[in-house]
Structure formats: C-alpha cells, structure tokens
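Enquirer: Under the numbering used here, residues 4 to 311 are what the sequence shown spells out, in order. For every residue, glycine included, the Cβ atom is placed at its ideal position computed from N, Cα and C. What follows is a single structure, and I will ask about it in a moment.
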Amino acid sequence: MDAVIGSLVLLYLIASVILNILVIVAVLKKGNHTFKDILVISLSCSLLSEIGFGFAWEGYGRFIDDSSLELCKFAGFGATFSAFISILQLMGLAFERYVSIIHPVTAHSHFKGYTLAMLFVIPSWAFCIIWASLPFYGWGEYMREAVHSYRCSVVGTGKSYDAKSYNYSLLILFFLAPVLISTYLLVRVHMELVKTRKRAGERSTGTTSITSRIWKYERQHFFLTCFVIILFFLTWTPYALSAGWYTFFDSNPDHVVNYSALFAKSGLVTNPIIYVLFNKELRKTLKRKILERKPLITTDIQLDSITH
C-alpha cells in the first residue's frame, strides 16, 4: 500500500511542478508585466517552494527515513512559510482587482510595470519567512504530530502559553484576517462591476461598445481571481478549523488534521490548472509561444492600456 501511495504522491508532485512552471514561463513570455503578473509568478513560486521545502521532505520522512527530527522540522517550516506566502499573494491579487476597478486612475499610474509589485512581494516573503521561523526562537514549536510522526507542525503540538498564543496569532493573521479582507474587496469589486454594466446601458452606442468590452475583460479577471482565492481558502479551511479546534479545546490531534492537511495540499495542482483554464490571454501565450513555438500576434483590443 505504501508503494502505491508513494507512486501517487510522486506523480502528484511532478504534475504540480510542471503546471506551476508552465504558469511562470507563460507569464514571463507574455511581456509588459504588470502588478498582477508579478503576483501570479510569486504565487506559483510559493507553491513550488512548498513542494521543494515541505512536501518533498515530508514524503522522504514517510517513505524512506523519518529518524531525523531536524529534517522533520525543516519540512514543517517549508510547508508553513510557503502557505503563508500563498495567502498574502492571494490577498494582493484581491487588492489589485479592487484598485483596478474602484480606482482605475490610480491603478493606471501605479500598476504598470513591476516596481510596486516587487515592493509588495519581497517584504511579504520576508515577513512570512520570519513568522514561520519564530518557533525556532521559542515562540511556538515544530514537533512531530501525534498520529503521523514523520510530519512536524505547530498544530496541536504544544500546551504551553507560548505555543497556544503562536497558534492563535497564526489563525488570526494568516486565515481569519485574509478571508475577511479578501471577501470585502471582492464584494466591492462585484458591486462596482454591476454599476458599470448599468451605466454602460445608458450611454451612446460607440461608448457602450468600448465599455462593454472593457467590462467583459475586467469581469473575466475578476472571476479568475475570485475562483483562485475561494478555492484556496476552501482547501485550507478544514485544516484551519481543525487546528483551531485542537488549540482552543486542548485536545490531541487525530486523523482529521491529517486528512485536512492533505486536502489543503491539493491547491498545489488546482491553482495553476484554474489559472490556465480561466485566463484566455495566458492560454494563448502558452499555446503560441511555448507549445507551438509561433510568434504571438495580438489582435484583441489593448485593454491593459485602458484599464490599468
């Protein structure tokens, strides 16, 4: 059975690596990189780091050798900081949609190019690495899980005040707050898109035609962002709830944490798949510049210059 599970895990990791690399390459090939493009690249890099620093070493501990506590803690750290980074990048995508729709003039002047994006991405990576490193310095602790000792985490492993306060902080800072903020931003964007659609119907034919094309473009990217964010938080919600349960009610972790952790890792594959399926521009770039090796000829309206 372990051999079968190990083979499936290996195939899953290979698919995750290939899909996320394809997203990164496709975005890089697109040219004229914006704030949103850099965040997508950063998100894919965070998913790849979760594979390289977390999932792969966790698999090594499960199927080959789990005797090293240091390696177990390193795998726990890798999975933790990668998840933190992914959450912040998704918040950044929600913020980008909010500013682009609610404050288009500001978006046009600040979101062109990658300077502002790098000012967000680099500090967010540093912030997440610092937070994930705190258990090594006494606040919280990476320990072997009770049920699956090959895996280390901070969930339900410590009963001290420091361990619990760290878990409380993570639950608020990297789950509850991102969910509330992202929900607010996306709801505001949806309301503004509805208003824009209504205003377009009251204008002249020529203006309505242009506005309608812009509206469809923005709606497509809004739905894409919503789908990626909602799916990510759906996959992580069972793990966050089980972690909160064992932290708040002081009970020992069981198989619920294990299954919810595996479910959370499904985002390694689903995120790049969804982004390719829903992003028409990215699909064209992937097909013409990577798969067919043909030059990309853009015949559509240059909406980026209008909406950003």
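1. Please go through the same chain and pick out, in chain order, the residues whose beta-carbon is closer than 7 angstroms to the beta-carbon of ASP303, but skip the five residues on each side of it.
2. So, with DSSP's three-state summary, where would you put ARG154?
3. Report the start-end ranges of each alpha helix (DSSP H) in the region 70 to 155 that is 4 residues or longer and not cut off at the edges.
4. Taking 6 angstroms as the limit between beta carbons, can you name the residues of its chain near LEU174, skipping five residues before and five after?
5. Give me the DSSP bridge partner(s) of THR37.
6. Nearest-angstrom Cα distance between LEU245 and VAL231?
7. Pull up the CB-CB distance for ASP165 and TRP142, whole angstroms please, since I reckon it's below 8 angstroms.
8. Would LEU285 and ALA29 qualify as a contact pair, given that the criterion is a beta-carbon distance under 8 angstroms?
9. Answer with buried or exposed for SER47, where buried requires no fewer than 16 other C-beta atoms within 10 angstroms of its C-beta.
10. Express the C-alpha separation of ALA86 and LEU237 in angstroms, rounding to a whole number.
11. Taking only three categories from DSSP, how would you classify SER163?
12. What would DSSP say about ILE67, mapped onto helix, strand or coil?
13. Measure the C-alpha to C-alpha separation of PHE56 and ILE24 and round it to an integer number of angstroms.
14. Could you tell me the distance, in whole angstroms, from the CA atom of PHE139 to the CA atom of TRP60?
15. Does the region 113 to 127 come close enough to the region 95 to 103 that 3 or more CB-CB pairs lie under 8 angstroms?
16. Report the option in TRP239, TYR249 and PHE281 whose CA atom is closest to the CA atom of ARG269.
17. Quick check on the DSSP output: the alpha helix (DSSP H) that includes LYS283 runs from which residue to which?
18. By Cβ distance below 7 angstroms, which residues in the same chain neighbour LEU11 in space, the five residues on each side in sequence not counted?
19. List the whole-angstrom C-beta distance separating GLY64 from LEU74, where the pair is believed to meet the contact cut-off of C-beta under 8 angstroms.
20. Roughly how many angstroms lie between the CA atoms of TYR187 and PHE66, to the nearest whole one?
Expert: Once the coordinates are examined:
1. The predicted position of ASP303 is uncertain, since its pLDDT is 42 and thus under 50; a value taken from the coordinates is nonetheless stated next. Taken in chain order, the list of residues that qualify is empty.
2. Coil, per DSSP.
3. Correct list: 72 to 105, 107 to 113 and 118 to 136.
4. So the list reads GLY247, once near-sequence residues are dropped.
5. Beta-bridge analysis with DSSP links THR37 to LYS115.
6. Leu is not the amino acid found at residue 245; the sequence shown has Ser there. Taking the straight line from one Cα to the other gives about 22 angstroms.
7. Correct: roughly 5 angstroms between the Cβ atoms.
8. In this structure, ALA29 lies closer than 8 angstroms to LEU285 by Cβ.
9. Buried, by the Cβ-count rule.
10. Pairing LEU237 with ALA86, the inter-Cα distance amounts to about 14 angstroms.
11. For SER163, the secondary structure class from DSSP, reduced to helix, strand or coil, is coil.
12. ILE67: coil per DSSP, three-state reduction.
13. Distance between the alpha carbons of PHE56 and ILE24: 16 angstroms.
14. Inter-residue distance for PHE139 and TRP60 is about 18 angstroms (C-alpha atoms, whole angstroms).
15. Touching, yes, given that three or more Cβ pairs across the two stretches are closer than 8 angstroms.
16. The sequence given here has Ser at residue 269, not Arg. Checking every option, the nearest Cα to that of SER269 belongs to TRP239.
17. Where LYS283 is concerned, the enclosing alpha helix (DSSP H) stretches over 283 to 288.
18. There are no such residues.
19. With a Cβ gap of about 7 angstroms, GLY64 and LEU74 count as contacting.
20. Spanning the two alpha carbons is a distance of roughly 43 angstroms.
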